[in-house]
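S.K.: One structure, pasted below without further comment.
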Amino acid sequence: QRDKTLSFSRNQLIQEATRVPPQAFEAYMKGLLTAAKDPTRAIYLKNAMKLFEKENGGAVYSQAAFALGEFYLSQAQLKEAAEYLTMVQKKEPHYGEAQFYAGLAYWKLGEDKKALEILVPLADEKVMPLVAVYNNAGAVSIAAAKAEKKPEDKTRLLLQAITLLSRAADSSPDDGTVLFNYGYALFLSEKYAEAAEKLEKVVAANQ
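Put into structure tokens, the structure is as follows:
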């Protein structure tokens, strides 16, 4: 209010602090305070989303959507989990985590294409440079390559898998799961000597 050099105005601060309507926030908090696997949790969170949407011109209450996604994951309701997790907005802190879990949910549902559309961009070093992201994006690329009938697309997917898994291996050189996936991708690409090198390490670490 007083310091003219601040990079934000008083009005901007008030708008940010009040952007979640009180009733929506109350429903959201009730949802979070309900037992993790209690169906009532989902009812509260959905209500929070409806109230937020009504007051904000159809906008998504990202925090409630993320909590709903987590709830449905815990119930192994993967389709519903993916639906809500993909609603989380890019500017939100949980965006990367939501995308990662949504990608895994689609993979488990057998929707490799959707899983890749989410996980591969997420593996960009500027978005979420984690071993788990590289490893899972690489593994889904392998699964998609095995199901692909066009030779050129199969080759592209395997190359993508090798690139992603090499990054995972660089970050975690002793991770047996990463090395197995990496070796398998190399094997499918007929790079047998390199594949043997990775797979021998897996066997040596775990007989």
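Residues 151 to 357 (our numbering) are what the sequence shown spells out, left to right. Every residue, glycine too, gets a C-beta built ideally from N, C-alpha and C.
Measure the alpha-carbon distance for residue 182 versus residue 337 and round it to whole angstroms.
M.R.: Approximately 46 Å, taken between the alpha carbons.
S.K.: Which same chain residues, not among the five before or five after residue 298, have their C-beta less than 7 Å away from its C-beta?
M.R.: 304 and 307
S.K.: Would you mind working out which of 175, 217 and 155 sits nearest residue 185, comparing C-alpha positions?
M.R.: Comparing alpha carbon positions, the residue from 175, 217 and 155 closest to residue 185 is 217.
S.K.: Roughly how many angstroms separate the alpha carbons of residue 176 and residue 215, rounded to a whole number?
M.R.: 15 Å
S.K.: The alpha helix (DSSP H) that contains residue 259, what's its start and end?
M.R.: From DSSP, residue 259 is part of no alpha helix (DSSP H); its letter is neither H nor E.
S.K.: Looking at residue 295 and residue 262, is the spacing between their C-beta atoms short of 7 Å?
M.R.: no
S.K.: Return the CA-CA distance between residue 335 and residue 225, expressed in angstroms with no decimal places.
M.R.: Cα to Cα, residue 335 sits roughly 32 Å from residue 225.
S.K.: When we look at the beta-carbon of residue 319 and count the other beta-carbons within 10 Å, is it buried (16 or more) or exposed?
M.R.: buried
S.K.: Give the C-beta separation of residue 170 and residue 202 to the nearest angstrom, bearing in mind that I take them to be a contact with Cβ-Cβ under 8 Å.
M.R.: 7 Å
S.K.: Using 7 Å as the threshold, is the C-beta distance between residue 287 and residue 269 below it?
M.R.: yes
S.K.: Please state whether the Cβ-Cβ distance between residue 219 and residue 235 is less than 7 Å.
M.R.: yes
S.K.: CB residue 272 to CB residue 249, shorter than 7 Å?
M.R.: Their beta carbons are under 7 Å apart, which means residue 272 touches residue 249 by this criterion.
S.K.: Check whether the Cβ of residue 318 lies closer than 7 Å to any Cβ atom in chain D.
M.R.: The structure shown contains no chain D; it is built from a single protein chain.
S.K.: What do you get for residue 191, buried or exposed, if any count of 16 or more other CB atoms within 10 angstroms of its CB means buried?
M.R.: buried
S.K.: Taking C-beta to C-beta, are residue 232 and residue 256 nearer than 7 Å?
M.R.: yes
S.K.: With C-beta atoms as the reference, is residue 326 less than 7 Å away from residue 352?
M.R.: yes
S.K.: Where residue 346 and residue 310 are concerned, what is the direct C-alpha to C-alpha distance, given to the nearest angstrom?
M.R.: 19 Å
S.K.: Please list, in chain order, all residues of the same chain as residue 237 whose beta carbon is under 6 Å from its beta carbon, the five residues on each side excluded.
M.R.: 210 and 215
S.K.: What's the call for residue 342, buried or exposed, on a 16-neighbour Cβ count within 10 Å?
M.R.: exposed
S.K.: Look at residue 289 and residue 331 and say whether their C-beta atoms are less than 7 Å apart.
M.R.: Yes, Cβ-Cβ distance for residue 289 and residue 331 is below 7 Å.
S.K.: Just the Cα atoms here: how many angstroms apart are residue 317 and residue 278?
M.R.: 12 Å
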